[in-house]
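First comes the structure, then the notes that go with it.
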Amino acid sequence: MSLCHPEVGNVSCGACCGLFNLKLQPKEFKTLLLERTSEFQSTVDFEVRHTFPIYRKERETKEVFIPKKDEMTYNCPFLGYVDSAKQRIGCMIHPIFTGDPKSQNFSFYGASICQAYDCKNKESALADLWETFFVEVAKDSVEYSFLSADHIFSSAIERYFQLIHLNIDSMFQEFRLELMDLFRTRLQTSAEKNFTSFEINYESFSDLEVLEDYFTKELGDFWKEWKEGFSKKNPG
Ligand code: SF4
Ligand code: SF4
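Residue numbers (the numbering used here): 190 to 425.
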């Protein structure tokens, strides 16, 4: 298991399959995923290969009217719920379900890209710690996907702790509640951002001033409030 599909909890991530490229509200994402899942289950037969492209074409036609963040980024309709409780997001044509190692070739990206892509947070040395933490913070897979895809915010907070000379362990232990507070607020501001995980970080976060600007831009007044509370707990 991995950041994409955590060992524990009922959440998983599907951000890099293009979900958040669609300009929808959190509950509309769930509705869309439920619709895809239901249509996939009732029309695709793993033994009948032409049912895969028919499903894809049908969904692409239905979803073409949903506004996108970036017209050049594809939204894969094979992303749906992959557990019976319809809580975990995943690839409905993953080989573990189809038994065919190449079944993702029915998608736009193709099996080699689908299976090789790892986002920055998944590649991070702290991926396991972030995974456990995001499972705790997220109420569902849509929130979990927002958190997992937002690698710039995670790297900014890692850098913040580094620059104020606190080790990363303390961030996940002693300051876990503060971190949680920060990320719950982040979820409110990130809902409009439609992360794909492909975002490029053009900032090196070289000093605290740059980070201050970044956090203020991303969190508004909450950043100041959070920092004041944090400073009381950690007078430094
Ligand atoms: S965005 Fe990252 S964590 Fe999410 S599914 Fe893709 S690779 Fe996995
Ligand atoms: S086929 Fe590829 S892009 Fe589509 S849901 Fe599966 S892993 Fe994601």
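We put the beta carbon where it would ideally sit given N, CA and C, even for glycine.
Remember, predicted model here, so these are calculated numbers, not experimental data.
Excluding five sequence neighbours on each side, which residues of the same chain lie with their C-beta closer than 6 Å to the C-beta of P195?
E320 and V324
Mapping the DSSP letters down to three states, classify I389 as helix, strand or coil.
coil
Out of T385, D358 and V197, which has the shortest C-alpha to C-alpha gap to K257?
T385
What residue from T378, E228, F235 and D234 has the CA that sits closest to R408's CA?
In the sequence as displayed, the identity of residue 408 is Leu instead of Arg. Out of T378, E228, F235 and D234, T378 has the C-alpha closest to the C-alpha of L408.
Please name the residue in G279, C303, I357 and L211 whose C-alpha comes closest to that of Y270.
G279
In angstroms with no decimal places, state the Cα-to-Cα distance between P215 and S273.
21 Å
Heavy atom of ligand 1 within 6 Å of L315 beta-carbon:
no
Integer-rounded CB distance, given that F322 should sit under 8 Å from F364
About 11 Å separates the two Cβ atoms, so there is no contact after all.
Hey, is L192 close to ligand 1, as in C-beta under 6 Å from one of its heavy atoms?
yes
Would E260 be called buried (16 or more neighbouring beta carbons within 10 Å of its own) or exposed?
exposed
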